[in-house]
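Enquirer: This structure is in structure tokens; I'll ask about it shortly.
Structural data, given as structure tokens:
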């Protein structure tokens with residue numbers, strides 16, 4: 001799992017931002033943490049503090065360690081912080097895999113041009129690689145990582161870790177394999193008013209209604225919408241040779257395309273359901289940005305409850321919905337406040353002792369937490 005993430009000089013992060021996922025010792029909602037690490041996190045923050053940029057930064061690792069779908073280019077403009085164009089962006093990940101703590105730090109000028117990489121396992125440096133002919137004498141790769149592999153990279157576009165992974169026999173117990181496999185199964189997605197975007201886990205475009213049909217999930221999708229207050233009778237038909245999802249009214253006397261009657265919020269629910277169908281039993285990490293921007297608070301609550309039930313992956317959602325800030329759904333160490341260049345859990349945002357009976361939303365509205 002991801003234990004800590006740090007980023008500096010990327011987009012709006014002029015100073016180092018530290019996102020610490022260390023859990024605290026609470027006796028309730030213990031399914032939200034695992035081995036001392038927050039497994040289900042909710043992030044709050046005012047507009048333009050960097051919630052979206054945080055997710056983009058966290059998924060930068062996908063672009064150079066894997067061949068999975070990359071963050072859409074539109075989100076990568078102004079890659080280097082405009083306040084300091086003379087220094088590269090720095091990304092540092094601390095992972096906990098079994099009994100090992102892996103620290104992976106790298107620097108980049110843009111999504112495709114690396115400056116350096118450094119890998120530590122249990123405080124021992126295994127890789128310290130600097131790109132460019134003038135720095136080649138500084139490079140170090142431990143023999144336990146490279147074996148007999150003769151590593152000569154022709155440019156700074158290919159990560160040395162990815163090169164090693166591609167050119168050595170697969171060993172599921174190796175640190176490199178564990179790191180790359182985790183990154184290959186990360187998923188980021190967000191819903192816009194008229195479209196959606198994703199990164200990681202897969203490749204190419206997905207027709208989410210085809211996914212529902214091909215997995216035989218039509219009835220489950222219909223029931224899922226009904227639990228969210230959307231009561232449609234649904235089924236697929238071939239119309240002019242194209243399979244379409246239809247909604248039926250007046251006991252089937254009237255039918256129309258589902259997309260013609262579905263609201264933006266209903267389409268957001270459909271997106272969540274489709275990713276649940278094809279990904280949630282495989283992914284390692286999920287980041288969904290403003291997942292409830294088009295949802296009623298009760299639907300947002302239902303989705304958080306669904307995510308909390310998922311044991312196989314770590315998840316982070318961003319939101320403005322303070323209704324979710326309640327100990328029935330989260331915990332003070334799993335709920336984060338984000339400001340410019342700072343993110344801290346509710347636990348770390350007050351000197352007061354927070355107990356299960358406390359109303360977190362009321363405390364937040366009344367200024368109990370320091371978020372400046």
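Residue numbers (the numbering used here): 1 to 372.
The C-beta atom is built at its ideal place from N, Cα and C for all residues, glycine as well.
With a 10 Å radius around its C-beta and 16 neighbouring C-beta atoms as the bar for buried, classify residue 369 as buried or exposed.
Expert: Residue 369 comes out buried.
Enquirer: Who are the near neighbours of residue 46 in its chain, counting only those whose CB is closer than 8 Å to its CB and skipping five residues on each side?
Expert: Closer than 8 Å at the Cβ level, and outside the excluded window around residue 46, lie 339.
Enquirer: Have a look at residue 211 and residue 126 and give me their C-alpha separation to the nearest angstrom.
Expert: Straight-line Cα distance between these residues: approximately 42 Å.
Enquirer: If we ignore side chains and look at the alpha-carbon of each, how far apart do residue 316 and residue 288 end up?
Expert: Their backbone Cα atoms lie some 7 Å apart in a straight line.
Enquirer: Please list the terminal residues of the continuous alpha helix (DSSP H) segment that includes residue 308.
Expert: Its alpha helix (DSSP H) spans residues 297-309.
Enquirer: Does residue 100 come out as helix, strand or coil in the three-state DSSP assignment?
Expert: Strand.
Enquirer: Output the distance between the C-alpha atoms of residue 192 and residue 280, rounded to the nearest integer angstrom.
Expert: Using only the alpha carbons, I get a separation of about 21 Å.
Enquirer: Any idea what DSSP makes of residue 293, helix, strand or coil?
Expert: Correct three-state label for residue 293: coil.
Enquirer: How big is the Cα-Cα spacing for residue 154 and residue 163?
Expert: For residue 154 and residue 163, the distance between alpha carbons rounds to 11 Å.
Enquirer: Could you pull the start and end residues of the beta strand (DSSP E) that residue 336 belongs to?
Expert: Here the beta strand (DSSP E) through residue 336 covers 335-339.
Enquirer: Is the beta carbon of residue 42 sitting closer than 8 Å to the one on residue 310?
Expert: No, these two residues do not count as a Cβ contact at 8 Å.
Enquirer: Would the beta-carbon of residue 91 fall within 8 Å of that of residue 182?
Expert: Going by C-beta atoms, residue 91 is not nearer than 8 Å to residue 182.
Enquirer: Along the chain, where does the alpha helix (DSSP H) that runs through residue 267 open and close?
Expert: First-last of the alpha helix (DSSP H) with residue 267: 264-278.
Enquirer: Buried or exposed, going by whether 16 or more other CB atoms sit within 10 Å of the CB of residue 5?
Expert: Flag for residue 5 reads buried.
Enquirer: Under the three-state reduction of DSSP, which class applies to residue 143: helix, strand or coil?
Expert: Helix at residue 143.
Enquirer: To which residues of the same chain is residue 268 closer than 7 Å at the C-beta, ignoring the five residues directly before and after it?
Expert: Excluding residues within five positions, the ones whose Cβ falls inside 7 Å are 191, 294, 295.
Enquirer: Excluding the 5 residues flanking residue 129 on each side, which residues of the same chain have their C-beta closer than 7 Å to its C-beta?
Expert: Cβ neighbours of residue 129 beyond the five flanking positions: 116, 117, 139, 141, 160.
Enquirer: DSSP state of residue 257, grouped into three classes?
Expert: Reduced to three states, the DSSP call for residue 257 is strand.
Enquirer: On the premise that residue 326 lies in contact with residue 360, defined as a C-beta separation below 8 Å, what is that separation, rounded to the nearest angstrom?
Expert: Yes, residue 360 and residue 326 are in contact; Cβ-Cβ is about 6 Å, under 8 Å.
Enquirer: Looking at residue 149: is its Cβ nearer than 8 Å to the Cβ of residue 172?
Expert: The answer is no: Cβ separation not under 8 Å.
Enquirer: State the start and end residues of the unbroken alpha helix (DSSP H) segment that holds residue 326.
Expert: Per DSSP, residue 326 belongs to no alpha helix (DSSP H) and is neither H nor E.
Enquirer: Tell me whether residue 357 is buried or exposed, calling it buried when 16 or more other Cβ atoms sit within 10 Å of its Cβ.
Expert: By the 10 Å Cβ count, residue 357 comes out exposed.
Enquirer: What residues match up with residue 44 in a beta bridge as DSSP calls it?
Expert: Residue 44 pairs with 319, 337.
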